[in-house]
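The next block holds one structure in the form of structure tokens; read it before the comments.
In the numbering used here, the protein residues as written are 98 to 599.
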């Protein structure tokens, strides 16, 4: 049985009273809105006839006159009620004020109002209500966030777990949260337009895969009853996009939802979004230049559309060209150790000296990766390309054309975290097969490793020289909205189930 608070019980009683008055608390008819609130604020005309709808977020009853505030998807506006000056469906003016407004309407209800515009003595644009329509009765009270005259906030709905779990309430009471997701949409739209203008094709690849490839990660497992086989939620879409390059497309991209059955922290969620782009006849040098142009384009667009994007004031500059630093040089700079000629056992001793995790399952590439992530990554606030990774760290990447035992790979680091990962893609099928087998042999996640023989077969038909990049959309949005947690830029981040109450 549902446990109801006192307020919830009171609102259910009001619901019954509304029905007894002949009012439908959840009408089916279309409510035709004349204009969104933001347009009223920007183009005020005295005595203009107005018809708007939204959520009632403030109501102050003052005898024969009352003030409230209504909020739609574009903004807020004050509304004014005067006794015997407005009515509602099926009940007269006096009942509309004394019964409906004063006793049965609550903050949180969704209402429609019809009336005309005027300005109060405080010069605030206000709707003088002539008709009130209840569109949806709220059966739960909203958190009442209060702001005093000094703009100090009280009783804020600010607990992160509550906010993520009840995002619908978060969006109602915390206006700044909606701005984050508007910016996220603008960023994705700008990237899509940028790539479309270059002539690259947006595609869809399978989310359910028989072999989860393209990365080393533990997948989520399901089962297909008709085929009688296990299937996996994709951990990456890379190998499918390369198949399309082999098939003859010049440039393909996908905003890919990926799933990894691993840990959660402020930078990781089991479900996340990555942009993957592959362009034929290019290399990682070209991709670095392309990435610079893309990021500058996004930054300028955000500055244009959202005045509070002031990343440069936080000492992050998008001036190009971005620095290009070999990973082993970066490690030597920030640790004092030159790892170039070191074998695996020597690297283990370095990890121990630096108090960095190491174990017998970690190969040379994983040890170097850990050293860089712990000791170096945090030092790169401005956009920086970390380039030329050891071959052991990059099984899908071409060997460097000039530098022995290195690969043509870069990661873009901004504000101390990886934003993108890119390669000159390996297109030698024999080398690729050997390196995938080596990766499986030394992987600390053997149960997560699969050899995609069909991908090797596809490479044997010939793949042109190709540059590829994966950009973490969630982290990119974190950067441009100045958020420190990935949960802040996901509408519905993964949460533990709520404790059941008997």
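We put the CB at the ideal spot given by N, CA and C, even for glycine.
In this text, all values refer to a predicted model and were calculated from it rather than measured experimentally.
Going by DSSP, name the residue or residues bridged to residue i.
i	result
residue 158	163
residue 171	DSSP lists no partner for residue 171.
residue 212	147 and 226
residue 177	164 and 225
residue 182	Its beta-bridge partners do not exist; DSSP assigns none.
residue 374	350 and 566
residue 318	329
residue 259	Looking at the DSSP assignment, residue 259 forms no beta bridge with any residue, so it has no partner.
Under three-state DSSP, which class holds residue i?
i	result
residue 151	strand
residue 265	helix
residue 313	coil
residue 574	helix
residue 483	strand
residue 363	coil
residue 278	helix
residue 552	helix
residue 292	helix
residue 112	helix
residue 436	coil
residue 132	coil
residue 120	coil
residue 453	coil
residue 254	coil
residue 508	strand
residue 558	coil
residue 233	strand
residue 103	helix
residue 305	strand
residue 204	coil
residue 586	helix
residue 242	coil
residue 579	coil
Could you pull out every residue in the same chain whose Cβ sits closer than 8 Å to the Cβ of residue i, ignoring the five residues on either side in sequence?
i	result
residue 117	none
residue 289	299 and 352
residue 295	348
Would you report the Cα separation of residue i and residue j, rounded to the nearest angstrom?
i	j	result
residue 103	residue 200	16 Å
residue 448	residue 514	21 Å
residue 526	residue 136	59 Å
residue 437	residue 335	29 Å
residue 206	residue 269	12 Å
residue 318	residue 113	48 Å
residue 483	residue 415	16 Å
residue 163	residue 300	55 Å
residue 445	residue 455	7 Å
residue 557	residue 354	28 Å
residue 410	residue 424	Residue placement at residue 410 is flagged as unreliable, the pLDDT there being 48, under the threshold of 50; the coordinate-derived value follows with that caveat. Answer to the nearest angstrom: the Cα atoms are 28 Å apart.
residue 106	residue 276	34 Å
residue 328	residue 365	23 Å
residue 204	residue 165	9 Å
residue 297	residue 417	24 Å
residue 121	residue 110	14 Å
residue 167	residue 220	18 Å
residue 350	residue 387	14 Å
residue 254	residue 391	36 Å
residue 569	residue 516	6 Å
residue 381	residue 575	25 Å
residue 553	residue 530	7 Å
residue 315	residue 291	33 Å
residue 257	residue 359	21 Å
residue 38	residue 283	Outside the displayed range of the chain (98 to 599) lies residue 38, so it cannot be described from this structure.
Using a Cβ-Cβ cut-off of 6 Å (strictly less than) and excluding sequence neighbours within five positions of residue i, which residues of its own chain qualify?
i	result
residue 217	223
residue 227	183, 211 and 212
residue 161	180
residue 146	213
residue 598	At residue 598, the pLDDT of 44 sits below 50, so the modelled position is not reliable and the matter cannot be decided from this model.
residue 495	505, 521 and 523
residue 441	461
residue 432	472
residue 348	297 and 376
Within a Cβ cutoff of 7 Å, which residues of the same chain sit near residue i, ignoring the five residues on either side of it in sequence?
i	result
residue 490	462, 465 and 466
residue 453	467, 468 and 471
residue 405	Low confidence applies to residue 405: its pLDDT is 48, below 50, so where it sits in the model is not reliable enough to give any reading.
residue 172	134, 135 and 138
residue 232	124, 128, 150, 207, 208 and 209
residue 497	485, 503, 504 and 505
Inter-stretch contact at 8 Å, needing at least 3 Cβ pairs: the stretch 187–195 / the stretch 135–148: By the Cβ test, the stretch 187–195 is not in contact with the stretch 135–148, since fewer than three Cβ pairs between them sit closer than 8 Å.
The stretch 242–250 / the stretch 208–216 touching (three or more Cβ pairs under 8 Å): By the Cβ test, the stretch 242–250 is not in contact with the stretch 208–216, since fewer than three Cβ pairs between them sit closer than 8 Å.
contact_flag[the stretch 341–357, the stretch 318–327] where n(CB pairs < 8 Å) is 3 or more: Too few Cβ pairs lie closer than 8 Å, so no.
Sufficient close CB pairs (3 or more, under 8 Å) joining the stretch 576–585 to the stretch 260–279: Contact between the stretch 576–585 and the stretch 260–279 is present, because at least three Cβ pairs lie under 8 Å.
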